[in-house]
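Written out below as structure tokens is the structure these notes cover.
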Amino acid sequence: MHTHLVKILWPYVKPHWKKALGALFFAIILAAVKWAQAALVKPVFDKGLSKSGTMEETLMLAGLLMLLMIINFPARFFHFYWIRYIVDKATCQLRSNIYEKIQRLPIAYFNQNKLGVLTSNIINDTQTFSGGFRASMDLIREPLYAIALLGLAFYRDWALTMVIFVVAPLFLIIFSKSGKSVKKNQADVQEELGNLTHNIGEGLSGQKITKAFNLQDYILKRFEGTQNKFFKSLMKTTWVEEMAHPLVELVGGLAFAGIIVFAHYRIQSGATSPGDFVSFVTAMALFMDPIRKLSQANIKLSQADAAEKRISKLLDLPEEVDNGDMEQIAFKDKITVKNLSFSYGNHQVLKNLNLEIKKGQKVALVGLSGSGKSTLINLLLGLYRPELGEIKIDGIPVDRIKLKGLRELFGLVSQDIFLFHDSILENLTLGRDYSMEQIEKAIDVAYARPFIDRLPAKYDTMIGDRGVKLSGGQQQRLTIARAFLQNTDILLFDEATSALDNESERMVQKALDEISKDKTVIAVAHRLSTIQDFDHIYVLSEGELMEHGTHDELMDRGGEYFKLYNLGQK
């Protein structure tokens, strides 16, 4: 019923096969203990509790029961501990695989999908899958219990045992029907849970806007709507789950009632003894526990089926195209953009663009919003691939360079500042090894020392989620220091000062000028006063190159740049 899950789970179990074999060994011991406990009921009833029984026999039986419990203790501990170890370790590995896969997805995927759904894939789907994984272990242990107990029951009274085989098809029907229903409903549960996770993430990250616009009621209403959808989908699955368990018990109860009636006839006719019957009943009572657990395992596996489909869909997504045959190159001459065109869906952003950037030049890209400036930066970084035309670095098409090597050529300072909820030092180094001398120089170049020195913990100061404890200018100066530490050949400034006040912009611009010395700079500029001394300026409009030249040349022409500059001055 769930054989494809076994194929998926096996690679995660394989590294821990010794523990898996150990768990199986102890499962066999546990099954033997259950068998022995039920088997001892007959001599306890016939001798230990009868008038003809002696104290020695009673003590021996009591000792055997104690011995079984002593054996049961380590067997149960090691079996369940190793199962938990394998399951939890495998879940961590699966979660790592998913997270690693997400890191390799193209940037377009993140622009087109809800991040909350991805979060749900990493956390909720893996947890559901983990529940199914644990249930798959039950499919090994519980059948051993059931077989051992059924074997004892058959040995005690084969005729009474046949009643179980009569009702067995009913158990199978319940398992099959409930499993299919849960599998179908669980897909909706996981989808709605992803939407709920996304909704919560939006609500938490947008607190400033929520409070500024008094949107608390609106945000709560959206949350309640999403949560109600999740609740309704959850209740469908819950209905099936909670119906399956009592149905199993009902069928078992009916079978047991039939056994009692049949047993009365068997005892009266002398076909079985009271001791055999009590031992049989004990075996059947214990037998119902693995049947209930198998029913629960079937539900968990059906839920895991739905989660597995979502996980597999994610893991099968195409990754960033990275077919380059060159690990890295050294930038020596120039970047050439030739006949470059690019679209986001049906919206064309760049049209037959041609430009050249020589090593050591400072080049600016200017134009109104939507003219394609930032898109060109994204294409240089390999975040997108050109539809037509090409980008070459020293005559080498960028698609021949491995993405890691390509991106190592560039240092990025963007208007979209991203900082981790970590220390200033960790946000500067990003896990790389730099000497304190290099770090000190970087913060001096970025004019970040004054505000860092004022902080009580200096470099060890925790800056909050996305650097919320710092001002916008301070955040940007940290990213500039970070770019300086990378020591790349080319610096990309993507409207790095657009969101700053005048004083912060002055400090950040000063820092940008400092780190730009002896570097090739490509800057997307919104304030044209900051690029007047640039070597070359390219003016874009609706994805097309309108004109290019130095600041003075473009002003003398009185064209598009002239209009943009005067508009900015006003």
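For what it's worth, my numbering labels the leading residue of the sequence shown as 223, then goes sequentially. Cβ coordinates follow ideal geometry from the N, Cα and C atoms, glycine included.
For residue i, three-class secondary structure by DSSP
{"i": "Lys770", "result": "Checking the sequence shown, residue 770 turns out to be His, not Lys. His770 falls in the strand class under three-state DSSP."}
{"i": "Gly765", "result": "coil"}
{"i": "Ala375", "result": "helix"}
{"i": "Leu327", "result": "coil"}
{"i": "Met223", "result": "In this prediction, Met223 scores a pLDDT of 46, lower than 50, which makes its location untrustworthy; no coordinate-derived value is stated."}
{"i": "Phe756", "result": "coil"}
{"i": "Lys336", "result": "coil"}
{"i": "Gln637", "result": "coil"}
{"i": "Lys240", "result": "helix"}
{"i": "Phe553", "result": "coil"}
{"i": "Glu736", "result": "helix"}
{"i": "Gly780", "result": "coil"}
{"i": "Ser517", "result": "helix"}
{"i": "Pro512", "result": "helix"}
{"i": "Asp655", "result": "coil"}
{"i": "Gly594", "result": "coil"}
{"i": "Lys691", "result": "coil"}
{"i": "Glu278", "result": "helix"}
{"i": "Ser491", "result": "coil"}
{"i": "Ala669", "result": "The residue asked about is misnamed: residue 669 is Tyr in this sequence, not Ala. Tyr669 falls in the coil class under three-state DSSP."}
{"i": "Asp538", "result": "coil"}
{"i": "Gly480", "result": "helix"}
{"i": "Glu609", "result": "coil"}
{"i": "Val309", "result": "helix"}
{"i": "Val497", "result": "It should be noted that the sequence gives Gly, not Val, for residue 497. In the structure shown, Gly497 sits in a helix (DSSP, three-state: H, G or I)."}
{"i": "Ala368", "result": "helix"}
{"i": "Val473", "result": "helix"}
Beta carbon proximity, residue i to chain D, threshold 8 Å
{"i": "His569", "result": "The question asks about chain D, but that chain is absent: this structure has only one protein chain."}
Beta bridge counterpart(s) of residue i as assigned by DSSP
{"i": "Ala526", "result": "Answer by DSSP bridge pairing: none, since Ala526 is not bridged."}
{"i": "Ala745", "result": "Ala586, Phe715"}
{"i": "Pro619", "result": "Lys614"}
{"i": "Glu578", "result": "Thr558"}
{"i": "Met684", "result": "Ser645"}
{"i": "Phe564", "result": "Leu572"}
{"i": "Met506", "result": "Met506 pairs with nothing; no bridge assigned."}
{"i": "Met548", "result": "Ile623"}
{"i": "Phe200", "result": "Residue 200 lies beyond the range of the chain shown here (223 to 792); nothing can be said about it."}
{"i": "Phe632", "result": "Ile712"}
Test item: CB-CB of residue i and residue j under 8 Å
{"i": "Leu835", "j": "Ile386", "result": "Because the chain is modelled from 223 through 792, residue 835 falls outside the range shown and cannot be assessed."}
{"i": "Lys311", "j": "His238", "result": "yes"}
{"i": "Ser403", "j": "Val470", "result": "no"}
{"i": "Phe355", "j": "Val411", "result": "no"}
{"i": "Leu536", "j": "Ile230", "result": "no"}
{"i": "Glu612", "j": "Lys560", "result": "yes"}
{"i": "Val266", "j": "Leu283", "result": "yes"}
{"i": "Tyr681", "j": "Ser645", "result": "yes"}
{"i": "Lys584", "j": "Phe756", "result": "yes"}
{"i": "Gly781", "j": "Glu769", "result": "yes"}
{"i": "Val743", "j": "Ser596", "result": "no"}
{"i": "Lys580", "j": "Lys554", "result": "no"}
{"i": "Arg629", "j": "Gly604", "result": "yes"}
{"i": "Ala505", "j": "Ala260", "result": "yes"}
{"i": "Leu767", "j": "Asn600", "result": "no"}
{"i": "Lys236", "j": "Leu508", "result": "no"}
{"i": "Leu243", "j": "Ala297", "result": "no"}
{"i": "Leu598", "j": "Leu587", "result": "yes"}
Per-residue burial, residue i [other beta carbons within 10 Å of its own, 16 or more giving buried]
{"i": "Val543", "result": "exposed"}
{"i": "Pro608", "result": "buried"}
{"i": "Leu786", "result": "buried"}
{"i": "His569", "result": "exposed"}
{"i": "Phe564", "result": "buried"}
{"i": "Phe452", "result": "buried"}
{"i": "Met211", "result": "With the chain represented from 223 up to 792, any question about residue 211 goes unanswered, as that position is not in the structure."}
{"i": "Thr540", "result": "Note on identity: in this sequence residue 540 is Pro, with Thr being the wrong assignment. Exposed."}
{"i": "Ile292", "result": "exposed"}
{"i": "Glu364", "result": "buried"}
{"i": "Glu717", "result": "buried"}
{"i": "Leu316", "result": "buried"}
{"i": "Asn788", "result": "exposed"}
{"i": "Lys240", "result": "exposed"}
{"i": "Met796", "result": "A question about residue 796 goes unanswered here, because the residues of the chain that appear run from 223 up to 792."}
{"i": "Gly338", "result": "buried"}
{"i": "Arg488", "result": "buried"}
{"i": "Asp655", "result": "exposed"}
{"i": "Val761", "result": "buried"}
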